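Student: My questions will all concern the structure given below.
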Amino acid sequence: MSQSCSEQLSAAMSTAGFKLANARIQIGHARAFEEMIRSATHCDLFFVFGSFCDGWGSCLTRLDGRVEDDSDVDVSFFLDLKPLHLNSATCPSCTAGGEGQPTPAVYSDGHVPFNHDLSQPNLDIPKSDAAVAFDFIMVVPCCGYPRIELLQPGYSNRRGQPSQMPAGILRTIREEVLGSSPRCHAVTASPPGRQGHHVRVSTTLLERAIMHSLTIEQGQFFIIVKFLIKKVIRNKMSGLKTYVAKNLLFYMLDETPEEDWKPENLLQH
Ligand SMILES: [Zn+2]
942 MSQSCSEQLS AAMSTAGFKL ANARIQIGHA RAFEEMIRSA THCDLFFVFG
992 SFCDGWGSCL TRLDGRVEDD SDVDVSFFLD LKPLHLNSAT CPSCTAGGEG
1042 QPTPAVYSDG HVPFNHDLSQ PNLDIPKSDA AVAFDFIMVV PCCGYPRIEL
1092 LQPGYSNRRG QPSQMPAGIL RTIREEVLGS SPRCHAVTAS PPGRQGHHVR
1142 VSTTLLERAI MHSLTIEQGQ FFIIVKFLIK KVIRNKMSGL KTYVAKNLLF
1192 YMLDETPEED WKPENLLQH
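According to the numbering used here, the sequence shown holds residues 942 to 1210 in order.
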């Protein structure tokens, strides 16, 4: 029987390197790079995040450890500050506000007030002949994550069903959010008009947990959506951010039964 268009696309993407083994090798490289930075600086407050570390999406034409010219490797540095305690945080034993304890902060719409004079908190190191581009990001530690809807008892997805998110991914997210040392943090980004007065709470570690657990079909789906946004839609209109690709992937993981993630379902019409 001849292959469907969807199966041909999946096979062609595998030939271009978009498969699990390559994603895992790239994830391993990112971890080794993180260890090298920590070792060289004698400081374990550095984290390598972003699409290179995710294993999927740092290059949209092949997966072989390459970082596209218009992409970079994100390196976050946890500032040595008292952590922020978000008022909706899942750290019930926390004694925020006390002497030497985390600073209480009111969480609203993804942001918390935080006056900072870091007008340019990040450092971009452009691509060179010797290395890919890097983006160094200063982040503010938080002692716990805000309420994560997916982990609430009785959660249902947009279709009114229980989440279809694979059990292994849910377990990893639960361990990070409810474990003894959550690595929630906030990045220096304010809502429009409030520059310098807020930080945005990041869930990048939860996203990373999901990205590291993707199957080959889920990874290929993400690459197709990111490719469409970055290389097709953006040529016709501006403003659409690539994080929308991750949002769509997470909706699809939340709503698609595991058995439906098959090469023949990658394209449907
Ligand atoms: Zn706390």
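Beta carbons are placed, not taken as given, at the ideal position from N, Cα and C, and that holds for glycine. This structure is a prediction, so every number in the text was calculated from the model and none was measured.
Alpha carbon to alpha carbon, how far is Cys-1032 from Tyr-1192?
Tutor: Near 27 Å, if we compare the C-alpha coordinates of Tyr-1192 and Cys-1032.
Student: Span of the beta strand (DSSP E) holding Asp-1195?
Tutor: Looking at the DSSP string, Asp-1195 is not in any beta strand (DSSP E); the run it does join, the alpha helix (DSSP H), is 1184-1196.
Student: Can you tell me where the alpha helix (DSSP H) with Phe-1163 in it begins and where it stops?
Tutor: Its alpha helix (DSSP H) spans residues 1157-1168.
Student: In terms of residue numbering, what span does the alpha helix (DSSP H) encompassing Asp-1005 cover?
Tutor: No alpha helix (DSSP H) holds Asp-1005; DSSP gives it neither H nor E.
Student: Within a Cβ cutoff of 6 Å, which residues of the same chain sit near His-1026, ignoring the five residues on either side of it in sequence?
Tutor: So the qualifying residues of the chain are Cys-1035, Ala-1037, Pro-1043, Pro-1045, Cys-1084.
Student: Taking only heavy atoms of ligand 1 into account, decide whether any of them is closer than 7 Å to the Cβ of Gly-1041.
Tutor: Because no heavy atom of ligand 1 lies under 7 Å away, the Cβ of Gly-1041 does not count as near it: no.
Student: Would you say Arg-1149 and Cys-994 are within 8 Å of each other, going by their C-beta atoms?
Tutor: Result yes, Cβ atoms of Arg-1149 and Cys-994 sit closer than 8 Å.
Student: Compute the Euclidean distance between the alpha carbons of Val-1016 and Glu-1040, then round it to the nearest angstrom.
Tutor: Rounded to the nearest angstrom, the two C-alpha atoms are 31 Å apart.
Student: Under 7 Å from any heavy atom of ligand 1, does the C-beta of Cys-1032 make it?
Tutor: Under cutoff, so the answer is yes.
Student: Which value, in whole angstroms, describes the spacing of the CA atoms of Gln-944 and Ala-952?
Tutor: Going from the Cα of Gln-944 to the Cα of Ala-952 covers about 10 Å.
Student: According to DSSP, is Val-1142 part of a helix, a strand, or is it coil?
Tutor: Three-state DSSP puts Val-1142 in a strand.
Student: Between the C-alpha atoms of Glu-1090 and Lys-1171, what's the straight-line distance to the nearest angstrom?
Tutor: Near 29 Å, if we compare the C-alpha coordinates of Lys-1171 and Glu-1090.
Student: To the nearest angstrom, how far is it from the Cα of Asp-1201 to the Cα of Thr-982?
Tutor: If you take the alpha carbons of Asp-1201 and Thr-982, they lie about 46 Å apart.
Student: Among all the DSSP beta bridges, which residues are the ones paired with Val-1081?
Tutor: Per DSSP, Ala-1127.
Student: Could you tell me the distance, in whole angstroms, from the CA atom of Met-1079 to the CA atom of Ala-1127?
Tutor: Taking the straight line from one Cα to the other gives about 9 Å.
Student: Pick out whichever of Glu-1199, Phe-1018, Val-1014, Lys-1187 has its Cα sitting closest to the Cα of Gly-991.
Tutor: Among Glu-1199, Phe-1018, Val-1014, Lys-1187, the Cα nearest to that of Gly-991 is on Val-1014.
Student: The beta strand (DSSP E) that contains Thr-1044, what's its start and end?
Tutor: Counting along the chain, the beta strand (DSSP E) containing Thr-1044 begins and ends at 1044-1046.
Student: Would you decide whether Lys-1203 is buried or exposed? Buried here means 16 or more other CB atoms lie within 10 Å of its CB.
Tutor: Lys-1203 comes out exposed.
Student: Taking Thr-1113 as the reference, which of His-1153, Phe-959, Ala-973, Lys-1023 has the closest Cα?
Tutor: Checking every option, the nearest Cα to that of Thr-1113 belongs to His-1153.
Student: Could you tell me if Thr-956 is buried or exposed, where buried requires 16 or more neighbouring beta carbons within 10 angstroms of its beta carbon?
Tutor: With fewer than 16 other Cβ atoms within 10 Å, it is exposed.
Student: Going by C-alpha to C-alpha distance, which of Gly-998, Asn-963, Arg-1003, Val-989 sits closest to Met-954?
Tutor: Comparing Cα positions, the closest option is Arg-1003.
Student: Taking Cβ positions, are Phe-959 and Gln-1159 nearer each other than 8 Å?
Tutor: Contact: no.
Student: Compare the C-alpha of Asp-1070 against each of Asp-1010, Leu-1155, Glu-976 and name the closest.
Tutor: Minimum Cα distance to Asp-1070 is reached at Asp-1010.
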